[in-house]
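Chemist:
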């Protein structure tokens, strides 16, 4: 398919080629009028190319690209080509006030994030983090989500434009380093139950949804638990494996009559050894901690920082603005009895607030 | 002439819908030139207060139209405005923060960051200073030691190894002035109390161990006055209140016990059960008080009033044995009173509601019944006398009286029937004799 600019060039040649210089004045006038009509129609129809741009595109500056949309190119394709990330298509759409593009359109593609933190004059973005525990083939319980329920929830996300993002991207967003799609959501699983591999993983793969599994490493390899092999396989396919300590204790509870120093040693073992084990077995960094039972306090956070964790996840329900404490990130537990309405209530992606 | 004309028209008609029909209207609105389109878009974004986007669009305009003076001017103006507004809102935020109005401070910092997302000050407030800190920095001064820093920070020199641990220092090694240490914020429950409080607590525990609950409580309250959230003192207070409640319950002072139990914090082992027990006892105690009242009324001879009170108790608690026994005693007294008044029949009615085994109830019923039989026999004889005197109506009245006193007196029933038959015959004869 030719761009409108190419068509314009071709039409010009054609017109020039068919008007005889020696034509009588009346005929010449009609021809000129028709040519004018044609040019006007052309001007009205051409997006930006009724006059040829003074410079040829693409143009690259430190702040943006100016590009002409090629045949069969869409917004994600442009984002992939120019920004190196298909998921940044919405940034192009937002700046140019378009929802889709056609061949020949000339667009400005911003090379820098224009809305870090998802801040707009009308409010700010919030990112829901969903937490699942166990899944089962059929029955749902309070903490067990049935396969069909989970599948419907993922389908709901897909059909309603929610974009699951990795935990790394979430934390970059929290640090104002990177924007997220407007309907970004994070999917997590706790403990390391085998049902995550058997039930959730194929469904996540089907939708190409990234997710995170927080494991407590003493559980790995136990009956009904994930194995390191399964974790490695999932890790190779977009599932991040992170820590939920060694043995899943309540980290905030001091054992009766225990000295603070003993408690610190316990925390060191739980946070340090689990991180080291995951890195050794998975071969990727373990930077995030889900607090067992979602419980944390200042000492636990200080220890998590000491051991190099970049963020900590609670089980306090709610979505996360960029300015949430990185070590008190909220997560909403999804229970087995939730219907889609109840599920959707945990997907708040924007907080309206007059910001001007 | 016709051929090229047709060609032009055909080309035009063919191209218009095929070339860009779907985008016709929006492209028309764009007025043709990308620079002009972006200029309009930039102005629209400016009006929406989306200055960052407007700047990029103006930059694109400037890139395509380097001679466009408006673009250059707009970029400078917008950047200046964004910087100015960001700083204004940042300062407002700092002021709100200093006044302790953290919600307003957060709003102002968010606006500052929206205008300039690289505003480090606003970001620092939003990400760090507006959150509770789990660690603070401390610059080592001349003369400091880890122990002295631990004491200054946590009021406990023994926590020096914790500081060493968090700063990867040798606990016994030297420290150097100027170095910045990280001091974790330790939750209160992890910290040793100041020594004065410790002494008070130890004394309170000793008193508690000796059973001096009031003394222990006084000391715990003394600690609580200055440190209301001091966990160990709170725990001891719970224990004291609970023990007091148990002792009060043993003395059957359930109201007072319940009051003490209410002061014990929820979750204390045994609290809920003890409260339930106290409430149950309070209910029983209320019944007991009513029983006491009934007994007193009975002693004073106010039998009907006593019976009313006991009936109330039995209505709410039909199985209450004490109330049932008191009811028998009350009815027994009432029956005796009736017997004394010669109201044997009423007395029997009352006596029949009493357990026959109670006192001499059976004997009383028997005696009363004998008296009633004797009276019935008297009425019967009187009836016979009237019969013999041919005063049949009077005879029937007497026999009926006898039957009321002794329903098993069959001869009275037979004689009544006989007398009525005679009366009927006499009546017929009188009617036949009349003209």
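Chains as they are written, first to last, in this note's numbering: chain D, 13 to 368; chain F, 12 to 446. Just so it is clear, CB atoms sit at the ideal spot from N, CA and C, and this is done for glycine as well. Fair warning: this is a prediction, and the values are worked out from it, not measured in the lab.
If you draw a straight line from the C-alpha of residue 91 of chain F to the C-alpha of residue 117 of chain F, how long is it?
Modeler: Against the second chain, residue 91 of chain F aligns to sequence position 80. Against the second chain, residue 117 of chain F aligns to sequence position 106. Approximately 23 Å between the Cα atoms of the pair.
Chemist: Give the list of continuous alpha helix (DSSP H) stretches no shorter than 4 residues that lie fully inside the region 391-433 of chain F.
Modeler: 403-416
Chemist: How would you write the range of the beta strand (DSSP E) that residue 227 of chain D sits in, first residue to last?
Modeler: In the first chain, counting from the first residue as 1, residue 227 of chain D sits at position 215. Looking at the DSSP string, the run of the beta strand (DSSP E) that includes residue 227 of chain D is 223-227.
Chemist: Could you work out which residue in F/101, F/99, F/160, F/201 is closest to residue 274 of chain D when comparing CA atoms only?
Modeler: Start at 1 with the first residue of the first chain, and residue 274 of chain D comes out as number 262. Out of F/101, F/99, F/160, F/201, F/201 has the C-alpha closest to the C-alpha of residue 274 of chain D.
Chemist: Just to make sure I have the definition right: I need the residues of chain F whose C-beta is within less than 7 Å of the C-beta of residue 76 of chain D. Which are they?
Modeler: To locate residue 76 of chain D, count along the first chain from 1; it is residue 64. Going along chain F in sequence order, the residues near residue 76 of chain D (Cβ under 7 Å) are 67, 70, 71.
Chemist: Can the beta-carbon of residue 98 of chain F be found less than 9 Å from the beta-carbon of residue 123 of chain F?
Modeler: As a first step, residue 98 of chain F is located in the second chain; it is residue number 87 there, counting from the start. As a first step, residue 123 of chain F is located in the second chain; it is residue number 112 there, counting from the start. For residue 98 of chain F and residue 123 of chain F, yes; Cβs fall inside 9 Å.
Chemist: I want to verify the contact list: residues of chain F whose CB lies under 7 Å from the CB of residue 335 of chain D, in sequence order.
Modeler: As a position in the first chain, residue 335 of chain D is number 323, starting the count at 1. Those within 7 Å of residue 335 of chain D in chain F are 137, 138.
Chemist: Whose C-alpha, out of D/327, D/75, D/280, is nearest the C-alpha of residue 319 of chain D?
Modeler: If you number the first chain from 1, residue 319 of chain D lands on position 307. Measuring from the Cα of residue 319 of chain D, the nearest candidate turns out to be D/280.
Chemist: Based on DSSP bridge pairs, tell me the residues matched to residue 345 of chain D.
Modeler: Counting from 1 along the first chain, the entry for residue 345 of chain D is found at position 333. DSSP lists D/143 as partners of residue 345 of chain D.
Chemist: Do residue 59 of chain F and residue 133 of chain D have their C-beta atoms closer together than 9 Å?
Modeler: Walking along the second chain from the start, residue 59 of chain F turns up at place 48. Walking along the first chain from the start, residue 133 of chain D turns up at place 121. Result yes, Cβ atoms of residue 59 of chain F and residue 133 of chain D sit closer than 9 Å.
Chemist: Just checking: is the beta-carbon of residue 473 of chain F within a distance shorter than 9 Å of some beta-carbon in chain D?
Modeler: There is simply no residue 473 of chain F to check, as chain F begins at 12 and stops at 446 in what is shown.
Chemist: Around the Cβ of residue 297 of chain F, are there at least 16 other Cβ atoms within 10 angstroms (buried) or fewer (exposed)?
Modeler: To locate residue 297 of chain F, count along the second chain from 1; it is residue 286. Exposed, by the Cβ-count rule.
Chemist: Using the Cα positions of residue 395 of chain F and residue 433 of chain F, report the straight-line distance between them to the nearest angstrom.
Modeler: Position 384 of the second chain, counted from the first residue, corresponds to residue 395 of chain F. Position 422 of the second chain, counted from the first residue, corresponds to residue 433 of chain F. C-alpha separation (whole angstroms): 14 Å.
Chemist: Tell me which same chain residues have a C-beta within less than 6 Å of the C-beta of residue 153 of chain D, skipping the five on either side of it?
Modeler: Counting from 1 along the first chain, the entry for residue 153 of chain D is found at position 141. Same-chain partners within the cutoff: 348.
Chemist: DSSP on residue 135 of chain D, reduced to helix/strand/coil?
Modeler: In the first chain, residue 135 of chain D corresponds to position 123, counting from 1. Three-state result, residue 135 of chain D: strand.
Chemist: Pick out whichever of F/71, F/199, F/381, F/403 has its Cα sitting closest to the Cα of residue 438 of chain F.
Modeler: Mapped onto the second chain, residue 438 of chain F falls at position 427. Nearest of F/71, F/199, F/381, F/403 to residue 438 of chain F, Cα basis: F/403.
Chemist: Taking the alpha-carbon positions, what's the residue 437 of chain D to residue 168 of chain D distance?
Modeler: Because chain D is modelled from 13 through 368, residue 437 of chain D falls outside the range shown and cannot be assessed.
Chemist: Label residue 425 of chain F either buried or exposed according to how many other C-beta atoms from any shown protein chain fall within 10 Å of its C-beta, with 16 as the threshold for buried.
Modeler: Working through the second chain from its first residue, we reach residue 425 of chain F at position 414. Exposed: under 16 other Cβ atoms inside 10 Å.
Chemist: Going by CA-CA distance only, name the one from F/360, F/399, F/176, F/366 that's closest to residue 416 of chain F.
Modeler: Residue numbering aside, residue 416 of chain F sits at position 405 when the second chain is read from its first letter. Comparing Cα-Cα distances from residue 416 of chain F to each of F/360, F/399, F/176, F/366, the minimum goes to F/360.
Chemist: Give, in chain order, every residue of the region 123-135 of chain F whose Cβ lies closer than 7 Å to some Cβ of chain D.
Modeler: 124, 125, 128, 134
Chemist: Could you compute how far the alpha carbon of residue 56 of chain D sits from the alpha carbon of residue 186 of chain D?
Modeler: The residue you call residue 56 of chain D lines up with position 44 of the first chain. The residue you call residue 186 of chain D lines up with position 174 of the first chain. Annotation note: pLDDT 39 at residue 56 of chain D (below 50); position unreliable, no value reported.
Chemist: Check the Cβ of residue 192 of chain F against every Cβ in chain D and list those closer than 7 Å, keeping chain order.
Modeler: Counting from 1 along the second chain, the entry for residue 192 of chain F is found at position 181. Per Cβ cutoff of 7 Å: no residues; residue 192 of chain F is ~13 Å from chain D at best.
Chemist: Can you tell me where the beta strand (DSSP E) with residue 118 of chain D in it begins and where it stops?
Modeler: Position 106 of the first chain, counted from the first residue, corresponds to residue 118 of chain D. Taken as a continuous stretch (DSSP letters only), the beta strand (DSSP E) holding residue 118 of chain D covers 118-122.
Chemist: Helix, strand or coil, according to DSSP, for residue 148 of chain F in the structure here?
Modeler: To locate residue 148 of chain F, count along the second chain from 1; it is residue 137. It is a strand residue.
Chemist: Specify the secondary structure class of residue 154 of chain F as computed by DSSP and reduced to three states.
Modeler: Taking the second chain and counting its residues from 1, the one referred to as residue 154 of chain F is at position 143. The answer is coil: DSSP assigns residue 154 of chain F none of H, G, I, E or B.
Chemist: Could you tell me the distance, in whole angstroms, from the CA atom of residue 283 of chain F to the CA atom of residue 189 of chain F?
Modeler: The count along the second chain starts at 1 and reaches residue 283 of chain F at position 272. The count along the second chain starts at 1 and reaches residue 189 of chain F at position 178. Cα to Cα, residue 283 of chain F sits roughly 56 Å from residue 189 of chain F.
Chemist: So, at 7 Å on beta carbons, what are the nonlocal neighbours of residue 219 of chain D in its own chain, with the 5 sequence-adjacent residues on each side left out?
Modeler: Start at 1 with the first residue of the first chain, and residue 219 of chain D comes out as number 207. 166, 170.
Chemist: Is there a Cβ from chain F that is less than 9 Å from the Cβ of residue 183 of chain D?
Modeler: On the first chain, position 171 is the one that residue 183 of chain D refers to. So no, residue 183 of chain D is outside the interface.
Chemist: Using the DSSP secondary-structure output, state which residues sit across from residue 251 of chain D in a beta bridge.
Modeler: Taking the first residue of the first chain as 1, we reach residue 251 of chain D at position 239. BP columns for residue 251 of chain D point to D/223.
Chemist: With residue 7 of chain D and residue 256 of chain D assumed to form a contact (beta carbons below 8 Å), what rounded beta-carbon distance in angstroms separates them?
Modeler: Any question about residue 7 of chain D goes unanswered here, given that chain D covers just 13 to 368.
Chemist: Could you check whether residue 128 of chain F and residue 131 of chain D sit closer than 9 Å to each other, using their CB atoms as the reference points?
Modeler: Here the question's residue 131 of chain D lines up with position 119 in the first chain. Here the question's residue 128 of chain F lines up with position 117 in the second chain. Yes, Cβ-Cβ distance for residue 131 of chain D and residue 128 of chain F is below 9 Å.
Chemist: Taking the alpha carbon of residue 145 of chain D as the point to measure from, which residue in D/83, D/208, D/176, D/173 has its own alpha carbon closest?
Modeler: Taking the first residue of the first chain as 1, we reach residue 145 of chain D at position 133. Considering only alpha carbons, the answer is D/208.
Chemist: Identify, in the order they occur along the chain, each residue of the same chain with its Cβ nearer than 6 Å to the Cβ of residue 314 of chain F, setting aside the five sequence neighbours on each side.
Modeler: Taking the second chain and counting its residues from 1, the one referred to as residue 314 of chain F is at position 303. Counting only Cβ-Cβ distances below 6 Å, and skipping sequence neighbours, we find 341, 344, 345.
Chemist: Is it the case that the CB of residue 300 of chain F approaches a heavy atom of the ligand ATP more closely than 8 Å?
Modeler: This structure simply doesn't include the ligand ATP, nor any ligand for that matter.
Chemist: Check this for me: beta carbons of residue 295 of chain D and residue 178 of chain D, under 9 Å apart or not?
Modeler: Residue 295 of chain D sits at position 283 when you count from the first residue of the first chain. Residue 178 of chain D sits at position 166 when you count from the first residue of the first chain. No, Cβ-Cβ distance for residue 295 of chain D and residue 178 of chain D is not below 9 Å.
Chemist: Could you work out which residue in F/261, F/387, F/250 is closest to residue 273 of chain F when comparing CA atoms only?
Modeler: Locating residue 273 of chain F in the second chain gives position 262, where the first residue counts as 1. Comparing Cα-Cα distances from residue 273 of chain F to each of F/261, F/387, F/250, the minimum goes to F/250.
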